[in-house]
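For the sequence shown, counting from 1, position 85 maps to 85 in the working numbering; every step adds exactly one.
For every residue, glycine included, the Cβ atom is placed at its ideal position computed from N, Cα and C.
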Amino acid sequence: MLCMVLKSWNNVTAWGINLDIAGFLDELMAGSITPVLNIVLLIPVGFFLASCRGARFAVIIGVSGSILVESLEFVFHLGVLDVLDICTNVMGVLIGIGCLSAMRWMGFRRVDIDGGHFYLVRRHDSSAI
């Protein structure tokens, strides 16, 4: 994957800032799956950050991390600073937080074990502890 990213850096032809936030549907209609991938790839980030450090921390890291990556793309001429990418990344983090909240609502809880690992188990399942 890293090799693909490094190879594609030579092919970057666009540079600038895209402030069109309504382009989500336009990109999907044009056949681009980039917005969907941005959402899907950040769902686990939101889920695990929220389960380890809380939802507020996950949102802060999701927003600041997305802004940082997009800003670095702009500064180093690696691509376009795209507000749509920031929004879709944050949507992925929020969906991950929502998945964790749904699991907690269904009765799952976090059980810490040695080494910093944890499991999500149902509340009535005491045999997993």
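- In the structure shown, glycine 107 adopts coil according to DSSP, grouped into three states.
- For arginine 122, DSSP records a beta bridge to Phe108.
- When the Cα atoms are used, glycine 65 and serine 101 turn out to be separated by approximately 22 Å.
- Rounded to whole angstroms, cysteine 52 and methionine 106 show a C-alpha spacing of 19 Å.
- Contact between the region 25 to 33 and the region 63 to 78 is absent, with fewer than three C-beta pairs closer than 8 Å.
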